[in-house]
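Undergrad:
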Amino acid sequence: MLSLRDVALTYRNGVRALDGVSLDVADGAFVALLGPSGCGKSTLLRLIAGLEKPSRGSVSGAENTSVGFVFQDPTLMPWADALTNARLALDLAHMPRLEADARARDALHAVGLRGFETALPAELSGGMRMRVSLARALAPEPRLLLLDEPFAALDEITRFKLNDDLRTIWMQRKCTVLFVTHSVFESAYLATRVAVMTARPGRIASQRDVDLPAS
Ligand code: ADP
Ligand code: ADP
213 MLSLRDVALT
223 YRNGVRALDG
233 VSLDVADGAF
243 VALLGPSGCG
253 KSTLLRLIAG
263 LEKPSRGSVS
273 GAENTSVGFV
283 FQDPTLMPWA
293 DALTNARLAL
303 DLAHMPRLEA
313 DARARDALHA
323 VGLRGFETAL
333 PAELSGGMRM
343 RVSLARALAP
353 EPRLLLLDEP
363 FAALDEITRF
373 KLNDDLRTIW
383 MQRKCTVLFV
393 THSVFESAYL
403 ATRVAVMTAR
413 PGRIASQRDV
423 DLPAS
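Okay, so the sequence shown: first residue is 213 according to this note's numbering, each after it adds one.
#1: Using 8 Å as the cut-off, can you tell me whether the segment 240-249 makes contact with the segment 391-406, which would need three or more C-beta pairs spanning the two stretches below that distance?
#2: Under 8 Å, with one C-beta from each stretch per pair, do the segment 280-296 and the segment 328-335 reach the 3-pair mark?
#3: What three-state label does DSSP hand ALA312 in the structure shown?
#4: For the 8 Å Cβ check, are there 3 or more pairs between the segment 308-325 and the segment 254-268?
#5: Is ARG341 closer than 7 Å to MET298 when the C-beta atoms are compared?
#6: From VAL210 to ALA417, what distance separates their C-alpha atoms?
#7: What's the gap between the Cα of VAL408 and the Cα of MET307?
#8: Since LEU346 and VAL282 are thought to touch, with beta carbons under 8 Å apart, how far apart are those beta carbons, to the nearest angstrom?
#9: Is GLY273 near SER215, with beta carbons less than 7 Å apart?
#10: With the cut-off set at 7 Å, would you say ASP360 and LEU256 are in Cβ contact?
#11: Let me check you understand the geometry: is the CB of VAL227 closer than 6 Å to at least one non-hydrogen atom of ligand 1?
Structure, rendered in structure tokens:
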């Protein structure tokens, strides 16, 4: 589905963030992307989302796909309740209010936040704010979910819970997931494929498939 061929990206300040990255992501796969800080993992996700253009090489398969993006920092609108935050992409797409509300409510339920629709971000824990951010990404029902170290700032127990819930969401929604993490544990627990990037200039050093858990 998603295919990167010999992709390079040099930023305008001359930093070579990526150089010769090739990666295939099958439909429905859960790919964990590991690698040291600064090796270009975030750049790779932004490239796939279409927020950056490659200096060389090709990125194909994501052009007409709805993409959900989750960052390490949930960046919620502090004045808006959980439902309104979860609805953001639908509002930007001018979806009718009732339909957007229904979809956003479904997404909040999928991330375990039933009953928190009217809560403000400040009233929620760090883990719950990340859940709202995940719901916001899920509400448009993306086929591809890009997650950039989403749980890195959370305590270990909250991470375990979110890992479980993310795995359930992936299995139920059958979306494709590309998940940047520093955690070997998370990679082994969640991913069907693990790709490891090397330090600058970033490339994929190795990729291997993990046996799918029986479900
Ligand atoms: P990672 O996510 O693996 O930590 P990044 O993709 O954030 O890596 O960054 C890769 C390299 O590109 C780093 O050296 C970083 O400093 C640089 N970089 C990231 N974003 C920009 C930018 N917008 N402009 C210039 N350099 C950048
Ligand atoms: P943190 O991110 O602060 O570590 P959690 O996200 O695990 O914490 O949630 C902190 C507390 O918020 C929990 O102990 C629980 O009481 C409440 N909470 C979290 N999620 C839910 C939920 N889906 N339903 C009800 N209460 C919840």
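All C-beta atoms, glycine included, are put in the ideal place defined by N, C-alpha and C.
TA: According to the structure data:
#1: The segment 240-249 vs the segment 391-406: in contact.
#2: In short, these stretches touch, since the Cβ pair count reaches three.
#3: In the sequence shown, counting from the first residue as 1, residue 312 sits at position 100. Helix, per DSSP.
#4: Because the criterion of three Cβ pairs below 8 Å is not met, the segment 308-325 and the segment 254-268 do not touch.
#5: The sequence position of residue 298 within the sequence shown is 86, counting from 1. The sequence position of residue 341 within the sequence shown is 129, counting from 1. For the record, residue 298 in the displayed sequence is Ala; it is not Met. Cβ atoms of ALA298 and ARG341: not closer than 7 Å.
#6: Nothing can be reported for residue 210: it is not among the residues displayed for the chain, which extend from 213 to 427.
#7: Within the sequence shown, the letter at position 196 stands for residue 408. Within the sequence shown, the letter at position 95 stands for residue 307. Roughly 39 Å separates the two Cα atoms.
#8: Taking the sequence shown and counting its residues from 1, the one referred to as residue 346 is at position 134. Taking the sequence shown and counting its residues from 1, the one referred to as residue 282 is at position 70. With 8 Å as the limit, LEU346 and VAL282 qualify as a contact, their Cβ atoms being about 6 Å apart.
#9: Looking up residue 273 in the sequence shown gives position 61. Looking up residue 215 in the sequence shown gives position 3. Result yes, Cβ atoms of GLY273 and SER215 sit closer than 7 Å.
#10: Against the sequence shown, residue 360 aligns to sequence position 148. Against the sequence shown, residue 256 aligns to sequence position 44. No, the Cβ-Cβ distance between ASP360 and LEU256 is not below 7 Å.
#11: Taking the first residue of the sequence shown as 1, we reach residue 227 at position 15. Taking non-hydrogen atoms of ligand 1 into account, the C-beta of VAL227 is found less than 6 Å away from one of them.
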